Structure formats: structure tokens, C-alpha cells
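Take a look at the structure set out below.
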Amino acid sequence: MSVLGDLLAGLSGGSIEVVDLTAPLSEDTPILQLPPPFANTQHFSRTELSRYDDRGPSWYWNDFTTGEHVGTHFDAPVHWVTGRDGDDVSTVAVGKLIAPAVVLDFADSAVADPDFLLEVDHVREWEASHGPLPDGGWLLYRTGWDARSEDSDRFLNANETGPHTPGISVECARWLAEESPVMGVGVETVGTDAGAAHSFEPAFPCHSFLLGANKYGLTQLQNLARLPATGALLIAAPLPIVGGSGSPSRVLALVER
Ligand code: MN
Numbered sequence: 157m158s159v160l161g162d163l164l165a166g167l168s169g170g171s172i173e174v175v176d177l178t179a180p181l182s183e184d185t186p187i188l189q190l191p192p193p194f195a196n197t198q199h200f201s202r203t204e205l206s207r208y209d210d211r212g213p214s215w216y217w218n219d220f221t222t223g224e225h226v227g228t229h230f231d232a233p234v235h236w237v238t239g240r241d242g243d244d245v246s247t248v249a250v251g252k253l254i255a256p257a258v259v260l261d262f263a264d265s266a267v268a269d270p271d272f273l274l275e276v277d278h279v280r281e282w283e284a285s286h287g288p289l290p291d292g293g294w295l296l297y298r299t300g301w302d303a304r305s306e307d308s309d310r311f312l313n314a315n316e317t318g319p320h321t322p323g324i325s326v327e328c329a330r331w332l333a334e335e336s337p338v339m340g341v342g343v344e345t346v347g348t349d350a351g352a353a354h355s356f357e358p359a360f361p362c363h364s365f366l367l368g369a370n371k372y373g374l375t376q377l378q379n380l381a382r383l384p385a386t387g388a389l390l391i392a393a394p395l396p397i398v399g400g401s402g403s404p405s406r407v408l409a410l411v412e413r
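In my numbering, each residue carries its 1-based index in the sequence shown increased by 156.
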């Protein structure tokens with residue numbers, strides 16, 4: 157049988173499961189909130205054009221408005237000034253949108269400390285038991301934050317000192333960008349950087365280093381708990397917005413059962 161035939165047989169026979177890592181996209185989807193004087197993205201919104209009525213008797217459809225960085229979405233290199241000469245979301249090679257993924261589960265640490273940061277040593281320890289990070293693949297960083305995604309306040313977790321959500325240390329972000337073989341990092345939080353990363357040096361190191369290395373980000377993922385530590389195949393499907401800095405994306409994982 158052909159490779160694609162085997163894949164289809166696995167999907168229909170149940171030996172390959174499709175796990176949806178995408179957050180439902182609606183007016184309630186939490187969005188990043190930057191302090192003044194920075195511009196903010198807007199919530200997803202829609203306008204009904206017709207619903208089997210005088211405006212269109214047999215059809216229902218909407219217009220919608222969304223930011224490029226709303227909900228589960230893909231960060232392209234041009235999103236950051238360090239990656240301004242890199243790919244935009246429409247020029248990312250399509251072959252890269254299907255890639256291996258590993259899951260590093262630090263949900264217990266993030267529950268204990270919302271400002272928890274992934275360090276190089278954490279990744280090295282993970283590699284000691286699971287093998288090397290995948291060449292050209294994704295590092296998916298599980299923090300349990302998807303459990304908060306229904307409640308914007310809990311998801312953003314901000315107080316008078318700013319947002320407190322888990323992320324990646326400056327040195328680990330630099331290492332992932334410049335020394336590790338991964339193509340990108342996927343997270344469950346509103347952005348790839350920690351809530352407190354505005355105060356890091358450099359600020360927002362994940363964005364700065366990863367996108368500056370022509371690597372990618374995926375955010376607001378769900379259901380990472382349903383993936384194995386290694387062996388999943390990730391399909392990320394951002395819209396090819398010409399010149400776009402990112403796009404809401406459907407993100408699926410294929411998992412062997
Ligand atoms: Mn983004």
C-alpha cells in the first residue's frame with residue numbers, strides 16, 4: 157500500500173487519532189492587552205450578511221474582523237523587528253506546515269508559579285529521557301494554561317504589576333533560536349513570551365530571538381495533554397495573508413494510538 161494509503165487507513169481505522177489543538181474562535185476569545193502607548197489588536201467580531209432571509213433567502217454568511225494575532229495563531233518572522241527580512245505568513249514554505257512535534261509538560265510548575273520560566277536545563281533534562289528535540293519540528297510547551305482559556309481574566313492573569321503567565325527564559329529563548337534544531341515553539345498562553353517578558357533584557361526574548369532566526373511561533377494551543385511527549389505530527393494552517401505578520405490558524409496533531 158502507498159504511504160498515503162497507509163495514512164488514510166490509519167485515520168479511518170482509528171490507529172491514528174486527529175487531535176484539535178485549536179481554541180474555538182469567537183467574540184469571547186481572549187486577546188493580548190498591551191499598556192499605553194502601544195496599539196492593541198481587537199477582538200474577533202462578525203457582521204451577519206444574511207440568514208435565510210430577505211438579504212439572502214437561501215444562504216447564511218458573515219463578514220468577520222480579526223487581528224492577525226487573535227486566538228490560536230501563527231507568528232511569522234516579520235512580526236518582530238529582528239525578523240523583518242524573514243518570511244511573512246504567506247511565504248512560509250508549505251512543507252514546513254507539516255512537521256514533527258514534541259511536548260514538554262511543565263503544567264505542575266506553572267500551576268505552582270504563574271511566572272514559571274522554561275530554562276535550557278529543563279530542556280536538557282527532558283532530552284535525557286526522551287531524546288533530542290526534533291530537527292525542523294516544534295517544541296510544544298505545556299503549562300496547563302489552556303484550562304483558563306474560557307475566562308479572559310484568568311487567562312491573562314494580570315494585576316497591578318502586569319500579566320503573570322508562564323514563558324521561556326531569555327537564555328533558553330536564545331538557545332532555542334540559535335542552537336536547537338527546532339523550527340518553532342508552540343504555547344498555550346496568549347503569546348509565546350512570558351507575561352512578565354516586557355521587563356526582560358531583551359524584552360520579549362522568544363519573539364526577538366526565535367523570529368529573528370526565521371523561526372515561528374504558535375500560541376493559544378489547547379489539548380496538548382492529549383499528545384505524547386514525542387511522535388506527534390503537527391499540521392499548522394495559517395491563512396496566506398500577503399505580507400501578513402501572522403494569522404489565526406487551525407492546528408491539528410496526528411497521533412498514533
Ligand atoms: Mn502573535
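Idealized CB from N, CA, C, for every residue including glycine.
All figures in this text were calculated on a predicted structure; none of them were measured in a lab.
CA nearest to the CA of residue i, picked from the options
i, options, result
"PHE262", "PRO213, LEU295, THR197", "LEU295"
"GLY323", "ARG304, PHE356, ARG310, SER305", "PHE356"
"CYS328", "GLU306, PRO358, THR317", "PRO358"
"ALA393", "THR247, GLU275, ARG310, GLU316", "THR247"
"ARG298", "ASP309, HIS278, SER308, ASP307", "HIS278"
"PRO384", "PHE365, LYS371, THR221, ALA409", "ALA409"
"ALA257", "THR238, GLY287, ALA266", "GLY287"
"LEU190", "SER401, VAL175, THR317, LEU374", "THR317"
"VAL175", "ALA381, GLY400, ILE397", "ALA381"
"ILE397", "ALA350, THR197, ASP243, ARG310", "ASP243"
"TRP301", "ASP269, TRP282, ASN315, VAL326", "ASP269"
"LEU434", "PHE311, MET157, VAL276", "No answer is possible for residue 434: it lies beyond the span of the chain, which begins at 157 and ends at 413."
"GLY402", "VAL234, GLU306, ASP271", "VAL234"
"VAL276", "LEU164, VAL326, LEU253", "VAL326"
Neighbour-count burial assignment, residue i, 16 or more Cβ in a 10 Å radius
i, result
"TRP217", "exposed"
"ASN313", "buried"
"LEU367", "buried"
"GLU224", "buried"
"ALA333", "buried"
"GLN376", "buried"
"ASP209", "exposed"
"VAL346", "buried"
"GLY212", "exposed"
"GLU344", "buried"
"ARG207", "exposed"
"PRO180", "exposed"
"LEU105", "This structure does not reach residue 105, given that the chain is present from 157 up to 413, and the question cannot be answered."
"MET339", "buried"
"PRO193", "exposed"
"ARG330", "buried"
"LEU374", "buried"
Whole-Å CB distance - residue i paired with residue j, under 8 Å assumed
i, j, result
"PRO319", "ASP291", "Actually they are not in contact, since the Cβ atoms of PRO319 and ASP291 sit about 33 Å apart, beyond 8 Å."
"GLY161", "ARG413", "GLY161 to ARG413, Cβ: 19 Å. No contact."
"ALA249", "GLY293", "Incorrect: roughly 14 Å between the Cβ atoms, too far for contact."
"PRO404", "HIS229", "5 Å"
"TRP110", "HIS354", "What the structure shows of the chain is the stretch from 157 to 413, and residue 110 is not part of that stretch, so it cannot be assessed."
"ASP219", "ARG202", "6 Å"
Distance cut-off 6 Å: residue i Cβ against heavy atoms of ligand 1
i, result
"GLY402", "yes"
"ASP244", "no"
"HIS225", "yes"
"ASP231", "yes"
Within-7 Å CB hit, residue i to chain C
i, result
"GLY373", "Looking at the structure shown, chain C is missing, and only one protein chain is on hand."
(request) Identify every run of the beta strand (DSSP E) within the region 192 to 247, keeping only runs that are complete inside it and at least 3 residues long; order them along the chain. (result) Listed in chain order, they are 201 to 209, 212 to 221, 229 to 231.
(request) Within the region 297 to 327, note down every full alpha helix (DSSP H) run reaching 4 residues or more, in order along the chain. (result) Listed in chain order, the alpha helix (DSSP H) elements of length 4 or more contained wholly in the region 297 to 327 are 308 to 312.
(request) Starting from the N-terminal side, write out each stretch of the beta strand (DSSP E) that is 3 residues or longer and does not extend beyond the region 338 to 397. (result) Taking only runs of at least 3 residues, the beta strand (DSSP E) segments lying wholly in the region 338 to 397 are 340 to 343, 372 to 375, 388 to 394.
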